[in-house]
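First comes the structure, then the notes that go with it.
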Amino acid sequence: MNKKTAHELNNLLVNKKISSVELTKAVLDRIDKTEGKVQAYVTVTREDALKQAKAADSRISELPDTRIPLLTGIPIAIKDNMCTKGVLTTCSSKILANYIPPYNATVVEKIKAAGAVIVGKANMDEFAMGSSTENSGLHPTYNPWDLERVPGGSSGGSAAAVAANECILATGSDTGGSIRQPASFCGVVGFKPTYGRVSRYGLIAFASSLDQIGPLTKDVTDTAILMNVLVGYDPKDSTSVNQPVPDYQKALIDNVKNLKIGYIKELLGQGIDQEVKASIEQAMKKLEELGAKLIEVSMPSFEHAVATYYLIAPAEASSNLARYDGVKFGHRSKEAKDLLTMYYNTRREGFGAEVKRRIMLGTYALSAGYYDAYYLKALKVRTLIKQDFDRAFMKYDVLLSPTAPSIAFKFGEKTADPLAMYISDIATIPINLAGLPAISLPCGFSKKAPIGLQIIGRAFDEETVLRAAFTYEQNTDWHKQIPEL
Amino acid sequence: MSYETVIGLETHAQLATESKMFCGCPTKFGAKPNTNICPVCTGQPGVLPVTNKKAIELAIKTAIALNCKIEPQSVFARKNYFYPDLPKGYQVSQYELPLATNGHLEIEVGGNIRKIGIIRVHLEEDAGKSIHQGAGRILGSASSLIDYNRTGTPLIEIVSEPDIRSPKEAAVFMQALANLLQYIGVCDAKMEEGSLRCDANLSVRERGSSEFGVRTELKNMNSFKAVEKALLFEEKRHTEVLADGGKISQETRFFDDTTNTTHGMRGKEEAHDYRYFPEPDLVPVAPDKKWVEAIRSALGELPEERKNRFIANHRLSSNDAFLLISQRATADFFEECVILLNKPKIIANWILGDLQAYLNARNLTIKQANFSPVQLVELIQLIDKGTISGKIAKTVLIKVLETGNSVKDVIAESGMTQMSDEGTLVKIVQSVLAANPKQVEQYKAGKTTIIAFLVGQVMKETKGRANPGLANKILKQELDT
Ligand SMILES: [Zn+2]
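Protein chains in written order, with full-length UniProt numbering: chain U, 1 to 485; chain F, 1 to 481.
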């Protein structure tokens with residue numbers, strides 16, 4: 001039963017065909033069986049999960065069927081950069097290896113209030129910096145489709161856990177593609193909402209102006225269901241938006257007739273694997289058959305997106321990560337003799353290479369004499385990228401591209417060359433810079449590894465994105481494929 | 001060669017809000033260490049700041065009172081540096097775009113009114129407090145403890161133009177600013193308790209020069225006196241170095257209130273690069289125009305406006321008006337008196353003269369003294385009626401202030417009413433004349449001015465209680481018959 005989707009399981013739970021305790025046990029059994037190979041989790045909260053499952057079961061028996069929240073009793077994995085009160089939250093970093101938050105992230109509160117059962121904290125690239133989860137300071141995660149391949153990142157643990165049926169759904173966070181790219185690599189659905197849609201309170205910051213929390217699920221319907229739980233204005237997050245929230249399940253309409261879809265020329269040319277390109281073109285054909293209008297669109301500013309991102313994100317990160325100094329929480333070097341050596345050694349021992357690289361990059365970009373040339377210029381290019389999107393959305397309802405230029409790569413393939421790793425986020429980064437909603441959903445396979453289709457929407461128009469994705473999904477079978485483990 | 005001193009002040013004032021700048025923790029002073037803290041103000045991973053609207057309101061209030069322009073949009077930035085009492089590794093502070101700009105504050109120095117420019121008023125959060133064991137600072141201490149209670153307390157920074165020309169002026173400016181902040185209720189402004197802090201920049205240049213000299217920044221002044229003393233020392237040091245043909249190096253110096261001297265940091269000072277950038281967790285502050293206007297009208301009459309009204313309506317000198325408005329309670333006291341008795345000039349003289357002298361000597365405010373406008377007016381009216389002389393009234397005032405008794409009781413108890421009974425006075429006059437035959441002779445010989453001496457003698461005999469006019473009249477009668 002752990003192979004089923006949340007909406008299928010909700011049906012079984014409400015009709016008392018299964019109990020949440022049974023379902024949670026099934027998921028925990030699955031974790032016992034496959035976690036040795038996949039290593040999707042940093043922490044499995046076995047006892048807590050069973051307690052929550054019991055509570056969910058009594059809630060189901062007490063409430064009238066129509067008033068049982070859809071996620072009641074459904075096992076969910078939380079990315080380990082979202083604070084869970086009393087439960088280890090490491091950000092997959094040695095510097096937070098012992099950190100137990102005194103509070104819950106807003107999304108965790110919402111998930112708990114919705115009755116979902118938290119089964120554990122999912123592995124990730126340290127501080128969400130990476131595209132393969134190889135940068136986890138704790139251990140790597142393996143792609144359930146091919147254990148020699150990476151699951152993508154930074155939400156690699158979340159994507160792998162969903163793909164391996166080690167949970168029913170999961171949360172991820174997306175700063176430059178960190179939900180969508182691992183969703184693509186692991187053959188699941190991943191959605192990054194508009195910046196400001198979901199509260200960031202309790203999300204351990206990587207790059208504050210880009211970070212956004214979203215769902216990783218087995219199908220588009222589950223994405224809409226989890227979106228309904230996650231979204232909404234939060235007075236604790238000044239950047240969250242006070243706007244009415246639609247019911248995303250109502251957006252799940254199997255119809256793209258006359259929908260104007262712009263496919264992005266720059267993301268279907270050079271640097272894109274042929275098989276990926278072929279799958280995307282097939283998907284485009286499918287959407288055309290279903291009545292959509294597909295037109296080529298050019299986004300000239302995209303060529304600067306990666307460079308822009310690697311100035312803005314590290315700049316913010318260099319400041320966001322200053323609090324890990326050994327004073328108040330987390331790791332403190334035992335070698336410290338005085339204040340300076342405490343700082344130096346704590347951070348030297350606690351942070352991994354990629355995190356250090358980005359802190360240095362960001363510190364440099366913000367330094368006196370370089371600020372204008374790097375950080376300010378990057379902000380200007382960011383505006384240009386937004387303008388490219390604004391222009392495109394005057395003509396098109398959604399935009400389309402591959403989520404990643406390739407299928408999941410093999411371990412170590414790109415670790416020696418950070419630039420090659422950075423470029424692999426070329427299709428997802430511009431969307432974060434513009435703060436737009438975008439989904440990745442399965443659209444094919446190459447060498448038995450999944451390929452992801454990205455659909456991008458206007459700001460706060462998650463509904464059209466979901467409709468296009470739902471229609472494609474309803475008329476294809478890719479999402480039903482399950483990896484053999 | 002003649003030198004001119006140029007001083008600019010940067011003042012930090014703790015805003016009198018109930019809660020902190022970016023979280024709901026109380027700002028109460030004196031709580032047990034690390035009890036007024038939460039995930040937000042201790043910089044736990046994942047927390048986000050939410051701006052305290054009350055702090056913005058108080059900052060706007062201050063900016064209006066300092067005649068500043070409220071900027072339509074101001075932006076919080078992060079000032080990045082590492083220190084244990086700074087939990088996030090950065091301080092949230094307005095930087096490039098402050099809340100308000102371009103204001104001024106009027107001060108009175110030696111009878112002259114001076115207008116000191118205000119460059120900007122901006123909002124920021126306070127850091128925590130370090131307590132070092134075994135040494136004055138973290139370097140060399142055995143251990144250091146940190147109290148995060150103060151972390152995140154809202155501050156405003158007020159930066160003056162380098163318009164101040166002497167240490168005395170700087171002290172007066174600080175006092176005037178403190179008075180203003182108290183007056184409008186945004187800060188209790190106690191330098192000794194740290195709710196008002198001040199850094200000073202001082203440079204010295206040849207008189208007449210339009211260029212600035214090299215400046216030094218002074219820190220660690222914990223009272224208005226200390227501000228003046230530190231600047232006096234520094235002014236002298238600069239002048240002597242320059243007169244000797246030497247050069248001042250730009251540096252930060254600390255004031256030592258045990259020796260009244262300033263000293264630079266030992267060793268090389270670290271050049272800080274704070275790597276300011278806009279705080280991505282906060283949206284710009286864009287105060288609604290209506291809100292600003294509401295704050296402006298709720299603020300009521302500002303000290304400067306009140307001063308001008310005192311001059312126009314009560315015909316006070318600008319100096320008297322300035323002195324009256326420098327404490328809100330004093331100005332209120334004055335106005336209440338004027339309502340009871342329309343003699344503003346006389347009332348102002350009493351308040352700024354004997355009453356203020358009494359209060360100053362005892363370090364009291366007018367509110368702390370057990371004295372009401374009704375009492376002062378009563379006193380003045382008794383003089384007018386001739387019940388007591390002006391001179392006796394001064395004694396009565398002090399007695400009333402000291403005992404807290406009513407004016408009438410004090411006068412009755414000490415029998416200080418004016419002697420206006422002719423019969424009694426005639427007898428006293430006759431005895432005075434009998435005792436001073438020489439002066440009586442002189443008078444009769446034509447030296448009539450000697451009568452003043454004789455009036456004095458009558459006053460002496462009556463311990464000042466004789467009505468001087470009446471005494472004069474009776475003397476003349478007796479001498480001329
Ligand atoms: Zn707090």
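The C-beta atom is built at its ideal place from N, Cα and C for all residues, glycine as well. Everything numeric in this text was worked out from a predicted model, so none of it was measured.
| Query | Result |
| --- | --- |
| Quick one: give me the first and last residue of the alpha helix (DSSP H) that Thr363/U is part of. | 353-366 |
| Check whether the Cβ of Cys83/U lies closer than 8 Å to any heavy atom of ligand 1, and answer yes or no. | no |
| Buried or exposed: which applies to Glu52/U, given that a residue is buried once 16 or more other Cβ atoms fall within 10 Å of its Cβ? | Position check: residue 52/U holds Gln in this sequence, whereas Glu was assumed. Its Cβ being crowded by 16 or more others within 10 Å, Gln52/U is buried. |
| Return the residue from the list Gln249/U, Asn123/U, Ala128/U that minimises the CA-CA distance to Pro140/U. | Asn123/U |
| Go ahead and label Ile131/F buried or exposed: buried means 16 or more other beta carbons lie within 10 angstroms of its beta carbon, across all protein chains shown. | exposed |
| Looking at ligand 1, does it come within less than 8 Å of Ile37/F, judged from the CB to the closest heavy atom? | yes |
| In whole angstroms, what separates the C-alpha of Ile383/F from that of Ser389/F? | 6 Å |
| Evaluate Arg215/F with the Cβ neighbour count: other Cβ atoms within 10 Å of its Cβ, from every protein chain shown; 16 or more gives buried, anything less gives exposed. | buried |
| For Lys367/F, is the beta carbon positioned less than 8 Å from some heavy atom of ligand 1? | no |
| What do you get for Ile295/U, buried or exposed, if any count of 16 or more other CB atoms within 10 angstroms of its CB means buried? | exposed |
| Skipping 5 residues on each side, what residues in its chain have a beta carbon closer than 6 Å to that of Leu364/F? | none |
| For a cutoff of 9 Å on Cβ pairs, would you count Pro45/F as touching chain U? | yes |
| Is the CB of Lys268/F under 9 Å away from at least one CB in chain U? | Low per-residue confidence applies at Lys268/F: pLDDT is 48, beneath 50, and the placement is therefore not dependable enough to give any value. |
| Taking Lys88/F as the query, report the chain U residues whose CB atoms sit under 9 Å from its CB, ordered along the chain. | Ser319, Asn320, Ala322, Arg323 |
| Let me know if Asn112/F comes out buried or exposed under the rule of 16 or more other beta-carbons within 10 Å of its beta-carbon. | exposed |
| Taking CB distances under 9 Å as the criterion, tell me whether Phe329/U reaches chain F. | yes |
| Does ligand 1 have even one heavy atom less than 8 Å from the beta-carbon of Val214/F? | no |
| Under the rule that 16 or more other beta-carbon atoms within 10 Å means buried, what is Ala56/U, buried or exposed? | buried |
| Using a C-beta to C-beta distance shorter than 8 Å, which residues of chain U count as neighbours of Leu97/F? | Ordered by position in chain U, no residue passes the 8 Å Cβ test against Leu97/F, which lies about 14 Å from the chain. |
| Identify every residue that forms a DSSP beta bridge with Gln477/F. | Looking at the DSSP assignment, Gln477/F forms no beta bridge with any residue, so it has no partner. |
| Is the beta carbon of Gly46/F within less than 8 Å of some heavy atom of ligand 1? | no |
| Output yes if chain F places a C-beta closer than 9 Å to the C-beta of Thr45/U; else output no. | no |
| Taking only the alpha-carbon atoms, compute the straight-line gap between His7/U and Ala26/U and give it to the nearest angstrom. | 17 Å |
| Rounded to a whole number of angstroms, what is the C-alpha to C-alpha distance between Thr387/F and Leu454/F? | 22 Å |
| Taking buried to mean at least 16 other C-beta atoms within 10 Å of its own C-beta, is Asn475/U buried or exposed? | exposed |
| What is the rounded straight-line gap between the Cα of Lys268/F and the Cα of Glu217/F? | At Lys268/F the pLDDT is 48, less than 50, meaning the model places this residue with poor confidence and gives no usable figure here. |
| If contact means a Cβ-Cβ distance below 9 Å, which residues of the region 198-209 of chain U contact chain F? | Ser199, Arg200, Tyr201, Gly202, Leu203, Ile204, Ala205, Ala207, Ser208, Ser209 |
| What residues in the region 430-443 of chain U bring their beta carbon closer than 7 Å to a beta carbon of chain F? | none |
| Can you list, in chain order, the residues of its chain with a C-beta nearer than 7 Å to that of Asn467/F? Leave out the 5 residues immediately preceding and following it. | Gly386, Gln418, Met419, Ser420 |
| How should His238/F be labelled, buried or exposed, when 16 other C-beta atoms within 10 angstroms of its C-beta is the threshold for buried? | buried |
| Apply the 10 Å Cβ neighbour rule to Thr62/F and answer buried if 16 or more other Cβ atoms are within range, or exposed otherwise. | buried |
| Any heavy atom of ligand 2 closer than 8 Å to the CB of Lys20/F? | Ligand 2 is absent from the structure shown, which contains only ligand 1. |
| Note down, in chain order, every chain U residue with its Cβ under 7 Å from the Cβ of Arg78/F. | Ser319 |
| Pick helix, strand or coil for Thr365/F, following the three-state DSSP scheme. | coil |
| Can you tell me whether Met21/F is helix, strand or coil according to DSSP? | coil |
| Of all Cβ atoms in chain F, is any one closer than 9 Å to the Cβ of Glu316/U? | yes |
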